[in-house]
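Reading through the C-alpha cells given below for one structure.
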Amino acid sequence: MATQSKLTRFNLNVLSKYHIYNSIFMTLPFDTIGKTGVLLPLFHETCENGFQEGHNPTEIVETFFKKYQARRNNQSKINLLFRFIQYIERQVVLFDAIEDAAFPVVNNMDGIGTLRSLKESTKAENKMDMLKKFLEEFKVRIVLTAHPTQFYPGAVLGIITDLTEAIRDNDLLRINNLLAQLGKTPFFKHEKPTPYDEAVSLIWYLENVFYYAFGSIFDYLQENIFDDFKLTNDIINIGFWPGGDRDGNPFVTPEITLKVAERLKQTILRNYYRDIRKLRRKLTFRGVEERIIQLERQLYEYSLDPNKKQAITWEEFLEEMKNIREVIIKEHESLYLQEVNSLIHKINLFKFHFAALDIRQDSRQHHNVFTNMVTTLIAKGSDLFPENYNELTEKQQIKILSKVNGPVDLKLFKDSFTVETLKTMQVIKQIQDANGEQAANRYIISNNQTALNVMQLFAMLKLMAFQEKLTVDIVPLFETVDDLENAHLVMEQLYTNPEYKKHLDSRNHKQTIMLGFSDGTKDGGYLMANWAIFKAKE
C-alpha cells in the first residue's frame, strides 16, 4: 500500500473530522447555536460574492440581511453578527483541537528535524562524541511574552485539552459533551486582564504542556544519547515576561512581580507533588516507600504555602530522589527506575522557580529614576555622588557609577515611580532568596542607547539590593537602527570598564545582548532593520 501524502493525511484526519464534528456542534440543542450555524454559511457565501464584486463591508452585510433576514430590527442584526463571531471563535477552537489530535498522524514524528533523526544520522557518521560535547554546552531559551488579546480563560484551555484527548481517542460521547460545554462557556471576561491574569494564563501552559514536553525531551537525550554518562547541562531554560516586563505597562508593580514569582513556584511544586503521588503507588518497597511518603507530605504542605519557613529546598529534594534511585538500583532490580529518573530530570530543569522571571524597563525611564535618585541623595546630604554629578561628562559619570555602593534607604524618595522602580530591584533579591537565583536574574534595558544606560542600572542594583555580589545579568536591548549600528562601540566601552569586567567574570564571563526587531522596522523599515541586526551580530 502506497504511503499517503501529508496533504492527504491532513484532509482525512483534520478536514474530514472537522466537518463531522462541526455538524454535531451545529445540531446542539441551543437555539442560538442552531440558527447561527444555518445562517453562517449563507453569510460566508454573501461575503465571498460581495468581495469579488468589489463591495465594501457595509454593503455586503446589508445585502445579507436584505436577502435572508429582512425582518430583523437593528439590535437583532447586531446580535446575530455578534453570535457569528462567537460561533467562529468556537469553530477555531474545534479545528485547533482536531489539528492537535492529528499532529502525530499528519507529521512524521521521526523525520528530519526530530531528535531521533539527529541521533540516527550522528550515529551513522560516527560523531556521537561530537554531539554529546555540543549538547553539554548548548542551551535553548524559550521566552514567554505577554499578548493579552490571545488569551483564553483557564476554563476554555481545559476544554481544548480535553477535546483534543477525546478526539484522539474517538470518544464520541465525550466529544459531544465537550462541544456542548464549549457552546455554553464564555470565551472572554468583561474586565480587561490584569498583568497577573496574563501571567496565570501563560502559567497554565507551563503547568500542563511545557512541564511534560521539556521533561520528555530531556528524558530522550539522557536515555538515547547520553546513555553512558549523565547530561548535567539544563539544556532548556524558560524566560517569563508577564509580571516582569514593565516597559510601557504601568500596571506591573513590584507586588505583581513578587506575586507572579510565587505563583510560578507554587505551580512547579504542585507538578512535583502530582509526580510523587504517582510514584508512591509504584514505589511500595522496603526502604523506599517511607521516603516517598515523606516527600509527598513536604511537597503538599509547601505547595499550599510557598513562603513556608524550614521547607525542603530543591537541592534537598534532588538529593533525596537520587538516594531513592540508588536504593532501587541496588535492592529492587531497578524497578520503575525510568519514572524516577524522569522526575530527577525535571528537578534539574525547573528547580523551584519553573521559569526565570525577566525584568524589563526602558532606558529613558531608568534615566529619569536615576536622575531623581541622585538629586534626592545630594539634597539629603549623601556623599555617594558629588554635588556636580549631573554636570559631569558621560565618561566621568561612568567612572563614579562603576565604584558606587549602597545600601540606600528607599524611604528617602517621595516620587512614586522612582520608589516603584527601585523597589523592583529589591524584589529581585527577594525572589532570588525565596526561589533561587535563576528565578529572577536578568534585567533587560529596552531602547538601550549608551554604556551609561547600563551603568546606571548597574549602580542602582548595587545601591538597592546587591551590595555584596550582583547576581543579575544586565541585558542591553538595542532597537533603533542608530543604536544597532553603535552597539559594538557601547559594548566595547563596557568590556573595557574594570568594574563591569569584574561583574562579567563573576557571571561566568558571559554577557547577554538583545537585538530588537519591531522598533527597528518602525525606525528604518523591514530591510534596513534586518541589515542593521545582521551587522550588529557580526
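The numbers in the sequence shown follow this note's numbering, run straight up by one, and end at 547. Every residue gets a Cβ at the ideal spot worked out from N, C-alpha and C, and that includes glycine.
By the Cβ test, the stretch 346-359 is not in contact with the stretch 434-442, since fewer than three Cβ pairs between them sit closer than 8 Å. In the three-state reduction of the DSSP assignment, MET118 falls in the coil class. Collapsing the DSSP output to three states places PRO485 in a strand.
Per the C-alpha coordinates, the member of GLU477, PRO195 and GLY252 positioned closest to THR433 is GLY252. PHE379 carries a helical assignment under DSSP once its states are collapsed to helix, strand and coil. If the five residues before and after TYR398 are omitted, its C-beta is found closer than 6 Å to the C-beta atoms of VAL383, all from its own chain and listed in chain order. In this chain, ASN246 is not harboured by any alpha helix (DSSP H); it is covered by the beta strand (DSSP E) spanning 245-249. In this structure, TYR27 lies near ILE107, with their beta-carbon atoms less than 7 Å apart. In its chain, beyond the 5 residues on either side, THR170 have a beta carbon closer than 7 Å to the beta carbon of ASN217.
Here the C-alpha atom of VAL413 lies approximately 24 Å from the C-alpha atom of ILE522. Less than 7 Å separates the beta-carbon of ASP371 from that of ASN456. Listed as beta-bridge partners of ILE168 by DSSP are no residues whatsoever. Secondary structure note for VAL152: its beta strand (DSSP E) is the uninterrupted segment 149-153. Bounds of any alpha helix (DSSP H) do not take in TYR161, whose DSSP letter is neither H nor E. Around the beta carbon of ALA460, a 10 Å sphere encloses 16 or more other beta carbons of the protein chains shown; the residue is thus reported as buried. Put simply, the stretch 105-119 touches the stretch 21-35. At least three CB pairs are less than 8 Å apart. A residue is called buried once 16 or more other Cβ atoms fall within 10 Å of its Cβ, and ALA448 is buried on that count.
LEU37 sits away from ALA133, with the two beta carbons spaced by 7 Å or more.
Using a 10 angstroms sphere on the CB of GLU54, the tally of other CB atoms stays under 16, which defines it as exposed. Residues of the same chain with a CB within less than 7 Å of the CB of GLY525, apart from the 5 flanking positions on each side, are LEU486, PHE487 and GLU488 in chain order. A buried status is given to VAL115, since no fewer than 16 other beta-carbon atoms sit within 10 Å of its beta-carbon. Exclusion of the five residues before and after PHE197 leaves PRO162 as the residues of its chain whose Cβ lies within less than 8 Å of its Cβ. When Cβ pairs closer than 8 Å are counted between the two stretches, the stretch 252-269 is seen not to touch the stretch 343-353, the count staying below three.
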